Structures are given as structure tokens and as C-alpha cells.
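>
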Amino acid sequence: MKRVLFVFGTRPEAIKMAPLVNVFKKDSDFETKLCVSAQHREMLDQTLNFFNLQPDFDLNIMESNQDLFSITSKILLALKDILKDFKPHLILVHGDTTTALSGALAGFYEKVPIAHIEAGLRTHNLASPYPEEANRQMIDTLTNYYFVPTNDSKNNLLLEGKKEKNICISGNTVIDALFLTLNLIKSNQNLEQKIKKDLSLYYPLNPQRKFILVTAHRRENFGEGLIQICEALKQIAYNNPQIDIVYPTHPNPNVQKTTKSLLTDTPNIFLIPPLNYEYFVYLMSHCYFIMTDSGGIQEEAPSLRKPILLMRNNTERPEALEAGVVKLVGTHIQSITKEAQNLLDNPKDYQAMSHSINPYGDGKACERIVDFIKNFQRDKE
Ligand code: UD1
Ligand code: UDP
């Protein structure tokens, strides 16, 4: 039996890793342990609860307004003892967070092979997303097994000289998580009723009114970028009193301060707390379109036929852009308001962006990842 250690710590990693942890935990070929850094606290716990996961190790490192030095060093030091005690044969990390980089670095120092889930995404611009592009490139330098969502990400790795036999096109596990959650809501009337009832505390869902769902939290947008995003939202809300804007805000104090100071007084803008995954999936399924700077939401929305206006200057996920369901609108007030107004006013443009495609997966990524790891081990033995 092989010992495997999952290391993650933020909301998006938890959403994307939870279905995979659950598959590993059920497989008797593996002794699976979960280490959470708790780089996020409440947002991580919301997700762990929903997917019914209990960590074996909880580093509990989050501080208010934490910086990259403290996240990295605290995780690295705490992992040293865990790796020495548990002696994993494999560490699995996800994506581009500072927890993922620290997990990979700890594995490398202890000579434990690394599997990187959602490997190979690139903007080739270390300033954006910051620090995620650098994290992803550094993790891929330390990685032994690459699990990429698409052929484009595989090509990025091949161009960097990574060996093809170590790369598996698995699809993104976020689609596994999304389908699981949608099926759960569909098959459980009580859950749907509960979601509606709880949501109505923050936003009275009214089928007669369209709403735009918004999230924005990226570090490189703090300050001027986020101010422009908020000013654009205000203008869209003012020019379109017939629609609502619903914005679950990230608890980061930099986000809270700007959004609260600029958006609280607009009657058709609803600033609400970060939502449990099932609630957010429900809102994604019912909104008119989405405006965001998030990574994961770019991958989920195309499966739900929801157009995305991406409030960033570049993306490491070009597939949905190429398919025409995501549009890059930057972070300037004029470009954001112009594109949002166009989607609201022109049904043809809206239709063109709202077809269903799944460039990021088919819901079977977890199966492929486990099979690949097993086959690789069999070949080695
Ligand atoms: C992190 C990731 C980013 C990812 C994002 C997802 C890094 C460098 N950044 O950024 O890639 O897109 O998570 O949301 O790894 N906070 C809370 N409660 C929580 C979570 C956060 O209060 O549950 C507050 C704390 O004050 C914390 C701050 O938010 O210090 C920032 O959290 P941090 O993980 O450093 O940055 P994110 O912007 O969340
Ligand atoms: N999400 C959520 N609740 C929210 C906002 C987002 O569950 O209030 C989910 C969303 O569906 C996606 C993930 O969180 O799966 C994206 O996380 P985030 O935008 O924080 O990080 P990123 O993907 O940009 O790294």
C-alpha cells in the first residue's frame, strides 16, 4: 500500500481536490492523508464540510492580511515534521497557490515525488497573475507527474522540455466537483429549498429580475484595478435599474475595504459574504452572466452556458476565450461597462457567448488521475 499525502489550503484548491481525495480514500491500494495549511480558514472549512472531508493535519496558518513570506515559511517548516513522520510515497498539490508551492518545495527537500494537479497553465507573465504564474512555473519544475486539463497545457510543458510519458491529460477536477454538486442539488429538493431560503437572507432571488454574478479578488487588481472594477459595477447598476448585481465578496481586507466603501449605497448591488460552494453553483446556474477575475469560475461557467466577462488583462486559460464563451475585458471602467452593456442589450451577442462547451473536462478527471498513478507505479515495480 502506497502512502499519499494531499496538501492544500485555499477554497479553490479544496473544491478541486475534494473529489480526488474522496476517490483516493476509497481505494485500498493507498493510505491517503490530508494536510491542510488553512491558508484560508472559513472559506476552506465551508468547502471541507460540504465535501465531508476531515483533515489529518491542520497547520492552521491563516492570519489577517497575511503576506507571502509568512504563508510560505510557516507551511514549509510545519511540513518538515509531517513528511518525516508519515513518509509519503507521493505528495499531491494543486494549481498555483502559495500552499501548493510550499507543498511541492517541502516534497522536493524531502525527496518525495510530486504530482501536480492542474499543471501546465501559463501566461508567461510573472506579474500577472501575481504570484500565481511564478508559483505554477516553480511547481512544475519540481513535479514528477503532471495532470493537465487540456492539450494546450500539455504543449506548454512539452515546450519546456518536460517528458511526455510523465504528462496525463486528465481534464480539470473542477468539472467533477461541479457535476457532483449540480446532481446533488437536482436530486435533492430539500437542498434546493434550503439554498433558496438561506440565500434570501442576502439576496431575494426573484425570477422576474435578471442578475449579474460578480467576483473579484486578485492581488494584482488591488488598489486601482479593483477601484475601476467597482466604479464600472456602479455605472452598470445605475444605467440598468432593471437588473441586479450580486457580488459575494472575498474576506481579504483589501477587497472588503474597497468594495464596502464604493458599492454599499447602490440599491441594485448586493454585496454578500463568500458562499458555500453549493450556493455559489446555484447562483452561477441562475444568473444572466458572470463578471469575474477568478481562475476557477472561467472553467465552470462554460459548462453552465453562462458568458463570462473576465476582468483581467490576460489569462492562463485561453481555451474558453478561443471558444468564444469568455471575453477578456481588462480592468478599465470604459471597457468593462461597454462589454457588459453590450451583453445586456444585444441578445445575438449574448446567445453567441452562451453555448455549452467543456474545454476543461467531462467530470472524469479524478478517475484518470488515479488510473495514471496506478499504472505508473505498476510499470516501475
Ligand atoms: C489565495 C491565492 C490565490 C487564489 C485565492 C482564492 C496565493 C498567493 N493566492 O489568494 O491564488 O486565487 O486564494 O480565493 O496563494 N481571508 C479570511 N478568511 C478566509 C480566507 C481569507 O479572512 O477564509 C483573508 C485573510 O485576511 C487573509 C486574506 O484574506 O490574510 C488573504 O488570503 P490569501 O490566501 O493570502 O490570499 P487570497 O487573495 O485569498
Ligand atoms: N466560489 C464559491 N463561493 C464563492 C465564490 C466562488 O464556492 O462565494 C467557488 C467557485 O465556484 C470556484 C472557486 O470558488 O470553484 C473559485 O475560487 P476563487 O475565485 O476564490 O479562486 P481562483 O479560482 O481565482 O483561484
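Residues in the sequence shown are numbered from 0 upward in steps of one, following our numbering.
Just so you know, even glycine gets a beta-carbon here, dropped at the ideal spot from N, CA and C.
Owing to the predicted nature of the structure, the values given are computational and were not obtained by experimental measurement.
One question on the structure: do Gly362 and Phe146 come within less than 8 Å of each other, judged by their Cβ atoms?
No, these two residues do not count as a Cβ contact at 8 Å.
> Can you have a look at Ala351 and say buried or exposed, based on whether 16 or more other CB atoms are within 10 angstroms of its CB?
Its Cβ having fewer than 16 others within 10 Å, Ala351 is exposed.
> Would the beta-carbon of Val245 fall within 8 Å of that of Phe279?
Not in contact: Val245 and Phe279 (Cβ atoms no closer than 8 Å).
> CB-CB under 7 Å to Ala364, same chain, minus the five flanking residues each way: which ones, in chain order?
For Ala364, where only same-chain residues beyond five positions count, the Cβ hits under 7 Å are Ser169, Gly170, Asn171, Thr172, Ile174 and Asp175.
> Quick check: what's the CA-CA separation for Lys185 versus Thr97?
Distance between the alpha carbons of Lys185 and Thr97 is about 35 Å.
> Is Asn383 near the ligand UD1, going by C-beta to nearest heavy atom under 7 Å?
The shown model of the chain, from 0 to 380, leaves out residue 383, and the question about it has no answer.
> Kindly examine the ligand UD1 and report whether one of its heavy atoms sits closer than 7 Å to the Cβ of Gln136.
Checking the Cβ of Gln136 against the ligand UD1 gives no.
> For Ser63, verify whether its CB is less than 7 Å away from any heavy atom of the ligand UD1.
Indeed, a heavy atom of the ligand UD1 lies less than 7 Å from the Cβ.
> Can you tell me which of the three DSSP states Leu67 falls into?
Of the three classes helix, strand and coil, the one that applies to Leu67 here is helix, per DSSP.
> Between the stretch 107-115 and the stretch 295-307, do at least 3 Cβ pairs fall closer than 8 Å?
Verdict: no, contact absent.
> Beta-carbon within less than 6 Å of Ser101's beta-carbon, same chain only, minus the 5 sequence neighbours each way: which residues are those?
If we look at Ser101 and ignore the five residues flanking it on each side, its Cβ neighbours are Thr71, Ile74 and Leu75.
> Would you say the beta carbon of Gly294 is closer than 7 Å to some non-hydrogen atom of the ligand UD1?
At least one heavy atom of the ligand UD1 is nearer than 7 Å to the Cβ of Gly294, so yes.
> Pairing CB atoms from the stretch 155-170 with CB atoms from the stretch 234-251, are three or more of them under 8 Å?
Contact fails: fewer than three Cβ-Cβ distances are below 8 Å.
> Terminal residues of the continuous alpha helix (DSSP H) containing Ile60?
Neither: Ile60 is in no alpha helix (DSSP H) and is coded neither H nor E.
> Since I believe Leu89 is in contact with Val3 (beta carbons under 8 Å), could you give me their beta-carbon distance rounded to a whole number of angstroms?
Correct: roughly 5 Å between the Cβ atoms.
> Take the Cβ of Arg208 as the centre, count every other Cβ of all protein chains shown within 10 Å, and call the residue buried at 16 or more, exposed below.
Exposed.
> The alpha helix (DSSP H) that contains Met16, what's its start and end?
Run containing Met16: Arg10 to Lys25, per the alpha helix (DSSP H) assignment.
> In the DSSP assignment, what are the bridge partners of Asp243?
According to DSSP, Asp243 bridges with Phe210.
> Applying the criterion that 16 or more other CB atoms from any shown protein chain within 10 Å of the CB defines a buried residue, is Phe68 buried or exposed?
Exposed: under 16 other Cβ atoms inside 10 Å.
> Could you check the C-alpha separation between Arg40 and Lys164 for me, to the nearest Å?
Between Arg40 and Lys164, the C-alpha separation is close to 37 Å.
> Going by C-alpha distance, which of Ile335, Pro203, Glu315 and Tyr237 is nearest Cys286?
That would be Pro203, whose Cα lies nearest to the Cα of Cys286.
> Quick test of your reading: Phe50 and Ala17, contact by CB under 8 Å. State the CB separation rounded to the nearest angstrom.
With 8 Å as the limit, Phe50 and Ala17 qualify as a contact, their Cβ atoms being about 4 Å apart.
> Going by the DSSP bridge assignment, what does Lys32 pair with across the sheet?
Lys32 is bridged to Leu4.
> Identify the continuous alpha helix (DSSP H) that holds Pro259 and give its terminal residues.
With the sequence shown as reference, residue 259 is identified as Lys, and Pro is not the correct amino acid for it. Lys259 -> alpha helix (DSSP H) spans Pro252 to Leu262.
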